[in-house]
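>
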Amino acid sequence: METDKKRIAIIGAGISGLMACKYTLEKGFNPIVFEARSGIGGVWSQTIESTKLQTPKDFYQFSDFSWPREMKEAYPDHTQVLEYLHAYALHFNILPRIKFNSKVTCIDYVTSSTADLHSWDLWGGSGEPFSPWGKWRLTVQNGQNPSASAPTDQVYQVDFVILCMGRYSDLPNIPDFPLNKGPEVFNGKVLHSLDYAAMDDDVAADLIKEKLVTVIGFQKSAVDIAAEVANKNGATHPCTLLFKTAHWIVPEYLLPLVFQGLNRFTELMIHKPGEGFFIWLLAMLLSPLLWIFSMSIECYLKYMYPLKKYNMVPTHRFLKQISSCMFTVLPANFYDRIKDGSLFLKKSQSFSFCRNGLIVQGESKPLLSDIVILATGYKSEEKLKNMFSSTLFQKCIAESSAPFYRECIHPQIPQLAILGYADSPAILYSTEMRSKWLAHFLAGNFRLPTISKMEEDVIEWEKCKRRDEKESYRRSCVSTLLQIYCNDQLCKDMGCNSRRKNWFLAELFAAYGPKDYKDLS
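Taking this note's numbering, the leading residue of the sequence shown gets 33, the next gets one more, and so forth.
Pasting the structure below:
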């Protein structure tokens, strides 16, 4: 196969886009990367001032490009992460491949007959990455020319598309409110955490200065923004964190303990899709150890921090939160700000807007607010669906809750892969493994199974994880506690040795990280 003649489009120049470009380049392809913004980095290029890694940097690094030796911090801040990404892009000559200010507005699969898609037994008709029966047509909005009255559209035709748009950007999730109880009746300012993060640090500081700010939510962005506002405004203009569900918030010093648990022995305690009787029995016998670990962390957190006093004791297990990819790290001085009156916590099942603030369920007086920041997440499924012009492919995304094959291939959408969609405690590490796997596939080193086999595989994953996680199940988060198991599958596909340690005990009890997969051949 003449790789340099096959056109590959990569949409997005965040972490997953950079790795997709790097590994396809290594296989001899000439990819083109479309980035809507003026720089690389994805979410790291637009984030709040206090943002830092919530993963130990040893688990958040490229397998063949370490952090600089002078980096002593265990959890680098967002500026240091962005510098690291720039260094990676320069080192592997990725920047010349990127078209900045180029937003892909839609993609359309062009084939002689859509009926062919339904008749194929193999992905793309052949089980291979490139098909003679179809290509992708990309509509790209070019905003590079500032003198143009409006952005111009260009159309590109390519043989393969890699979507690297991420889950936490672009399309915010805004709660619905009854008539006359939403933001339209509020005299203050309402914005999503996406808009707040996109502001320059000095602009954001001016916005919240001497204002009563209420932050809605209790995930990472909500907790970080509330802590930042409280640190800046102090007790004279306290910030309120209004939330519906409490989650376990872990201090930084406990994170290494959690990540060291990502080893093969721990994975023996987790049920796996399609497991045989012996593996099932072993998981049943060992699973109480996971319960003990989870209870120990919970008891420690309740002992160390005033969770009960502030109505912050979660109703779910710590381990369930980890497996559902809801991992939040405790900001510095968080409880100190609560103690000195700079930060108030309110738990409520519902709220609505009024002229001078919020009406909180169960409270007689309005919560006075000048600014309300909605840290209520993103519509990542809808953003992914809207990328396709075909209603057939939109239905493929919207009407199934099954995960993707190897967490990056949809069995019914040919010549396309999705990187960075699957969540994990160490997103760079897991995405790099799939980038390597995808590059091997594109180079023709292996073929995909039949469409029916892939669909059986993802349905088995869904059934397995729904049994464990029930209402917390999300298809983007099925392999959190089975990282090594999934990597073994990827290595088997690539024809690589999945055992990466030097001896038996290390193989069983040592944590696996990016460096273990540096040389996959």
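Virtual Cβ for every residue (Gly too), placed ideally from N, Cα, C.
Please name the residue in Thr-423, Gly-266 and Arg-296 whose C-alpha comes closest to that of Lys-371.
Among Thr-423, Gly-266 and Arg-296, the Cα nearest to that of Lys-371 belongs to Gly-266.
> Kindly give me the distance between the Cβ atoms of Val-608 and Lys-221, rounded to whole angstroms, as I take these residues to be in contact under 8 Å.
Residue 608 lies beyond the residue range present for the chain, which begins at 33 and ends at 553; the question has no answer from this structure.
> Can you find at least 3 beta carbon pairs, one from the segment 116-125 and one from the segment 85-103, that sit closer than 8 Å?
Cβ pair count under 8 Å is three or more, so yes.
> Which two residues bound the contiguous beta strand (DSSP E) that contains His-224?
From DSSP, the beta strand (DSSP E) with His-224 extends over 221-224.
> Take Pro-346 and list the residues in its own chain whose beta-carbon comes closer than 6 Å to its own, dropping the five residues that flank it on each side.
So the list reads Ala-278, His-279 and Trp-280, once near-sequence residues are dropped.
> Starting from Lys-11, trace the alpha helix (DSSP H) both ways and give me its first and last residue.
Lying before the first or after the last residue shown, residue 11 is absent from the chain, which here runs from 33 to 553.
> Please report how far the alpha carbon of Val-510 lies from the alpha carbon of Glu-492, in whole angstroms.
If I take the Cα positions, the gap works out to 11 Å.
> For Lys-54, which of Phe-359, Ala-543, Ser-456 and Thr-463 has the nearest alpha-carbon?
Cα-wise, what sits closest to Lys-54 is Thr-463.
> Express the C-alpha separation of Ser-396 and Asn-219 in angstroms, rounding to a whole number.
For Asn-219 and Ser-396, the distance between alpha carbons rounds to 20 Å.
> Is it right to say Ile-324 is buried, meaning 16 or more other beta carbons lie within 10 angstroms of its own, or is it exposed?
By the 10 Å Cβ count, Ile-324 comes out exposed.
> With a cut-off of 8 Å on the beta carbons, I'd call Leu-400 and Val-392 a contact; round off their distance for me.
No, Leu-400 and Val-392 are not in contact; Cβ-Cβ is about 11 Å, not under 8 Å.
> Could you tell me whether the segment 154-169 touches the segment 133-141, using the rule of 3 or more Cβ pairs below 8 Å?
The segment 154-169 is in contact with the segment 133-141.
> Let me know if Gly-373 comes out buried or exposed under the rule of 16 or more other beta-carbons within 10 Å of its beta-carbon.
Flag for Gly-373 reads exposed.
> With a threshold of 16 other CB atoms inside 10 Å of the CB of Asp-185, please say whether the residue is buried or exposed.
Classification for Asp-185: exposed.
> Specify, as a first and last residue, the run of the beta strand (DSSP E) that Gln-292 falls within.
Here Gln-292 belongs to no beta strand (DSSP E); instead the alpha helix (DSSP H) covers 287-292.
> Our contact map puts Ile-248 next to Leu-406 with C-beta atoms below 8 Å; I'd like the distance itself, whole angstroms only.
So it is a contact: roughly 5 Å between Cβ atoms.
> How would you label Pro-178, buried or exposed, when you count the other beta carbons within 10 angstroms and need 16 or more for buried?
For Pro-178, the predicted structure reports a pLDDT of 49, less than 50, and the residue's modelled location is therefore unreliable. A value from the coordinates is still provided. Classification of Pro-178: exposed, given that the 10 Å Cβ count is below 16.
> Report the residue from Ala-475, Ser-432, Leu-552 and Gly-293 whose alpha carbon sits nearest the alpha carbon of Gln-515.
Of the candidates Ala-475, Ser-432, Leu-552 and Gly-293, the one whose C-alpha sits nearest the C-alpha of Gln-515 is Gly-293.
> So if DSSP puts Pro-204 in a beta bridge, which residue, or which two residues, is it bridged to?
For Pro-204, which the question treats as bridged, DSSP gives the partners Tyr-410.
> Using the Cβ count rule (16 or more neighbours within 10 Å means buried), how would you classify Phe-162?
That one is buried.
> Just verifying my parser: in three-state terms, what is the DSSP assignment at Thr-184?
Three-state result, Thr-184: strand.
> On a Cα-Cα basis, can you pick out the residue from Pro-100, Pro-435, Thr-111 and Ile-445 that is closest to Phe-453?
The question names Phe, but residue 453 in the sequence shown is Tyr. Here the closest residue by C-alpha is Pro-435.
> In the DSSP assignment, find the beta strand (DSSP E) that holds Ala-41 and state where it starts and stops.
40-43 is the extent of the beta strand (DSSP E) around Ala-41.
> Exposed or buried, what is Thr-268 when buried is set at 16 or more other beta-carbons lying within 10 Å of its beta-carbon?
Burial call: exposed.
> For Lys-89, I'd like the list of residues in its chain whose CB is within less than 8 Å of its CB, leaving aside the five on either flank, ordered along the chain.
Excluding residues within five positions, the ones whose Cβ falls inside 8 Å are Trp-99, Met-103, Glu-105, Ala-106, Tyr-107 and Pro-108.
> Hey, quick one: how far does the alpha helix (DSSP H) through Gly-49 stretch, first residue to last?
47-58 is the extent of the alpha helix (DSSP H) around Gly-49.
> Roughly how many whole angstroms lie between the Cα atoms of Lys-187 and Ile-40?
With the sequence shown as reference, residue 187 is identified as Val, and Lys is not the correct amino acid for it. Near 14 Å, if we compare the C-alpha coordinates of Ile-40 and Val-187.
> If we count the other Cβ atoms within 10 Å of its Cβ and call it buried at 16 or more, is Phe-61 buried or exposed?
When all chains shown are included, Phe-61 counts as buried.
> Might you give, ordered along the chain, the residues of its own chain that have their beta carbon closer than 7 Å to the beta carbon of Arg-479, omitting 5 neighbours on each side?
Answer for Arg-479: Gly-159 and Glu-160, listed in chain order.
> Determine the DSSP secondary structure at Thr-463, reduced to helix, strand or coil.
Note: Thr-463 maps to helix in three-state DSSP.
> From what residue to what residue does the alpha helix (DSSP H) around Cys-331 run?
First-last of the alpha helix (DSSP H) with Cys-331: 309-336.
> Identify every residue that forms a DSSP beta bridge with Thr-143.
Answer is Gly-166.
> What's the C-alpha gap between Thr-482 and Asp-153?
Rounded to whole angstroms, Thr-482 to Asp-153 spans 6 Å at the Cα level.
> Pull up the DSSP beta-bridge partners for Leu-274, would you.
In DSSP, Leu-274 forms a bridge with Ile-248 and Lys-378.
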